[in-house]
Amino acid sequence: MTTPEGEPGDRTPPTLSPPSPILPLLRRIALTLLWLVLLTLLARQVAHAPADVLDRLGKARPGLIAAGVVIYALGFAARAARLNLLLPPADRIPFGRAWAVSGATTFLLQVLPFRGGEVASWALYRRVLGTGWARAGAVFVLVKTLDSAAFLLAGLAGAAALALRSGVPVLGGATAVAVAAGTVLLVLMPRLGVPVVEAAARRFAARPRLARGLGELAEGLRVAREAPGAYLLAFAGAVAFLAGHFAALTLLFSALGLTPSLPALAFASLASVLSAAVLPSPAGTFGPMESGFAAGLALEGVPLALGATVTGAVHLLTTIACGVVGLPLLGRRGARDLSPRP
């Protein structure tokens, strides 16, 4: 990532002292082995599943699949608005390009191995915004923080609803309180978060990557603090994307013969995001995301093999939708057109 002190006009990648090549290699080998174990367990579950599990894919309803994919792609319009609202008015980009970059970055995060999607997304933000590495990093970290917080709050709300419905009111009530408190903190984050994040960056100075990320988040929060109304609308845009996300998932799962409730979809989405974050894989998010989502659906009684199989198909469809939305920036012509501003 970038150094916190990088100037906005910097046109060259930040220089970092080269780390020892052994530790990153060992880490990737370990993550690959964990991913292979996870993939083996998933394959074993599917192989021993009842015959009707795979039959569901053959009986898919094309109309619902098409509707789900279209709604999912249209949902990135909300993320386009969210991106522009987090930028100063003079730096905002055309809506179509903001829509494309929202889809392209999501696609890169899904398909590139390990953490490659984050680096590629950061570079794409720099090219689209025409800024230096530090400014692009600040925008990317703020966008990711806002989207992750929205997913977290929605997932916790789903967990609260599932707990209340399952006869565990204490857990459900405590989770609901956590959601309310998290929402308030997210609203106040630009005003209260800058000194906290800066202090955390100093505290973790011995871990350069984490410290740089915190420094970039602090820079993004400073911009958000200057326009609190735009920040709140950007948060509303992140929530609006989730509404389209859940509507699309409902249609896609229904097309494949599953009808999970909205709380189950919300909690399973959070579980999938967390599992993909904890276990980066050589296949992007494929593998960990299916495992997390299937585990979330299991709370509603969906068998693990069925949940993993259907989730894999849905994941593939939504990833294709992201790629189509981001195609203007992912293709060669789009890459040539993205030159930095003078």
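FYI, the numbering for the sequence shown is 197 to 538, going by my numbering. Just so it is clear, CB atoms sit at the ideal spot from N, CA and C, and this is done for glycine as well. All values reported here derive from a predicted model rather than from experimental measurement.
| request: Could you tell me how far apart the beta carbons of Gly-313 and Gly-480 are, in whole angstroms, since I believe they sit closer than 8 Å? | output: 7 Å
| task | Helix, strand or coil for Gly-480, going by three-state DSSP, please let me know. | result | strand
| query | Does the count of Cβ pairs from the segment 515-522 and the segment 339-350 closer than 8 Å reach three? | reply | no
| request: Can you have a look at Glu-422 and say buried or exposed, based on whether 16 or more other CB atoms are within 10 angstroms of its CB? | output: exposed
| said: Which of the three DSSP states is assigned to Lys-255 in this structure? | reply: coil
| task | Provide the residue span of the alpha helix (DSSP H) that contains Asp-343, from first to last. | result | 329-361
| Short Cβ contact (9 Å threshold) for Ser-457 with Gly-492 | no
| query | Is the segment 262-272 close to the segment 405-420, with three or more CB pairs under 8 Å? | reply | no
| request: Go ahead and pull the three-state DSSP assignment for Gly-546. | output: No answer is possible for residue 546: the residues shown for the chain start at 197 and end at 538.
| For Arg-403, which of helix, strand or coil comes out of DSSP? | coil
| Residues near Ala-420 in its chain [Cβ-Cβ closer than 6 Å; skip 5 each side] | Pro-386 and Tyr-427
| query | Straight-line CA distance for Gly-292 to Asn-280? | reply | 11 Å
| message | If I measure Cβ to Cβ from Val-506 and keep anything under 6 Å in the same chain, skipping five residues before and after, which residues do I get? | response | Leu-452 and Leu-454
| query | Secondary structure at Ile-289, three-state DSSP: helix, strand or coil? | reply | coil
| request: Assign Thr-302 to one of three DSSP states: helix, strand, or coil. | output: helix
| What's the call for Ala-401, buried or exposed, on a 16-neighbour Cβ count within 10 Å? | exposed
| said: Here's the rule I'm using: 16 or more other beta-carbon atoms within 10 Å means buried, otherwise exposed. How should Val-315 be labelled? | reply: exposed
| said: If distances are taken between C-alpha atoms only, which option among Ala-300, Ala-274, Phe-431 and Ala-269 comes closest to Phe-437? | reply: Ala-274
| field | Alpha-carbon spacing of Val-510 relative to Gln-306, whole angstroms | value | 13 Å
| query | Terminal residues of the continuous alpha helix (DSSP H) containing Ser-450? | reply | 424-451
| message | For a test of the three-state rule: what should DSSP assign to Val-498, helix, strand or coil? | response | coil
| Any heavy atom of the ligand HEM closer than 8 Å to the CB of Tyr-427? | This structure lacks the ligand HEM, and indeed carries no ligand of any kind.
| query | Do you know how far the Cα of Lys-340 is from the Cα of Gly-459? | reply | Correcting the residue identity first, residue 459 is Pro in this sequence and not Gly. Going by the C-alpha atoms only, they are around 23 Å apart.
| request: Tell me whether Pro-284 sits in a helix, a strand or coil according to DSSP, three-state version. | output: coil
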